[in-house]
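Colleague: For the sequence shown, this note's numbering assigns the number 14 to the initial residue and increments by one for each residue that follows. All residues carry an ideal CB built from backbone N, CA and C; glycine is no exception.
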Amino acid sequence: MSSSMPLASVASELPGPPPIGAAIRDRRRRLGMTLKGLAEQCGLSVPFLSQVERDLAMPSLVSLTSIAGALGVDMSYFVGSPQQSQIVRRGDDPEHLHLGGSPVVYERLSGRHEERKMEALLITVPPGLASPPTHREGEGFWYLLQGELDVWIGQEHFHLRAGDSAHFDQRHSYRMRNGGEVDVRMIWVGTPALL
14 MSSSMPLASV
24 ASELPGPPPI
34 GAAIRDRRRR
44 LGMTLKGLAE
54 QCGLSVPFLS
64 QVERDLAMPS
74 LVSLTSIAGA
84 LGVDMSYFVG
94 SPQQSQIVRR
104 GDDPEHLHLG
114 GSPVVYERLS
124 GRHEERKMEA
134 LLITVPPGLA
144 SPPTHREGEG
154 FWYLLQGELD
164 VWIGQEHFHL
174 RAGDSAHFDQ
184 RHSYRMRNGG
194 EVDVRMIWVG
204 TPALL
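(1) Could you say which of GLU161, ASP68, ILE166 lies nearest to HIS172 if we only look at CA atoms?
(2) Classify LEU77 as buried or exposed, calling it buried when 16 or more other Cβ atoms lie within 10 Å of its own Cβ.
(3) Buried or exposed: where does ILE100 fall if 16 or more other Cβ atoms within 10 Å of its Cβ makes it buried?
(4) Report the partner residues of ALA133 according to the DSSP bridge assignment.
(5) Near GLU66, which residues of its chain fall below 7 Å by C-beta distance, leaving aside the five closest residues on each side in sequence?
(6) For ASP196, I'd like the list of residues in its chain whose CB is within less than 8 Å of its CB, leaving aside the five on either flank, ordered along the chain.
(7) Please classify PRO60 as buried or exposed, where buried requires at least 16 other C-beta atoms within 10 Å of its C-beta.
(8) Can you give the Cα-Cα distance for ASP182 and THR204, rounded to whole angstroms?
(9) What distance in whole Å lies between the Cβ atoms of GLY167 and SER144, which are believed to be in contact at a cut-off of 8 Å?
(10) Restricting to Cα atoms, I'd like to know which of MET199, LEU84, VAL164, THR147 is closest to GLY56.
(11) Assign ARG41 to one of two classes, buried (16 or more other C-beta atoms within 10 Å of its C-beta) or exposed (fewer than that).
(12) Sort LEU134, GLU53, PRO116, HIS170 by Cα distance to SER79 and report the nearest one.
(13) Use the C-beta contact count for GLY153: other C-beta atoms within 10 angstroms, 16 or more gives buried, fewer gives exposed.
(14) Just curious, the beta strand (DSSP E) that LEU158 is in, first and last residue?
(15) With LEU110 as the anchor, note down where its alpha helix (DSSP H) starts and where it stops.
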């Protein structure tokens, strides 16, 4: 290995956890924090943090502790391995998301690691239920497992049956209605991840 090879190139060839720089950058962006804001909070320079995020410099443990504190995470966030529960979702241990008194049942299918870019849910929509128009950032993908669902995306209307899917930009207004007599069961995958 050449001594002049950049750290980023070396890191990409080594097995093990992803580079620390990408984890810092992703967490900072997820919080909506600028490099300058991070630098002010952790007492490090903007140029140094920029090099760290590009894996051109490696922070000391003291610096990494300061960065972690500014980003609101523990040191293990950058150097630890994800727990099995963050990667594998067991069918006999479902995680249900409860939204007030909503009759819709949401079961999380995706992992629980904080920096996930997407979310996957198994959704059960009871008969007669209609959602109000909504929109959010990112993409949405729906796959019907059971039942029939009317979906409006912008001004377009679609009638989906089991086996049908829809993939769309969620910035456009969308709504749905289960006009049938049985529960609709569908898989929803979307970006960005839910909190």
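Modeller: Taking the structure as given:
(1) Distance from the Cα of HIS172 is smallest, within the candidate group GLU161, ASP68, ILE166, for GLU161.
(2) By the neighbour-count rule (16 or more Cβ atoms within 10 Å), LEU77 is buried.
(3) The residue in question, ILE100, is exposed, as its Cβ has fewer than 16 Cβ neighbours within 10 Å.
(4) According to DSSP, ALA133 bridges with VAL202.
(5) The residues are GLY34, ILE37, ARG38.
(6) For ASP196, where only same-chain residues beyond five positions count, the Cβ hits under 8 Å are THR137, VAL138, PRO139, PRO140, GLN159, GLY160.
(7) Its Cβ having fewer than 16 others within 10 Å, PRO60 is exposed.
(8) A direct Cα-to-Cα measurement between ASP182 and THR204 gives close to 10 Å.
(9) Not confirmed; about 15 Å, so no contact.
(10) Closest by alpha carbon: LEU84.
(11) ARG41 should be labelled buried.
(12) Nearest option by C-alpha distance: GLU53.
(13) By the neighbour-count criterion, in which a residue is buried when 16 or more other Cβ atoms sit within 10 angstroms of its Cβ, GLY153 is buried.
(14) LEU158 -> beta strand (DSSP E) spans 152-159.
(15) No alpha helix (DSSP H) holds LEU110; the beta strand (DSSP E) holding it covers 108-110.
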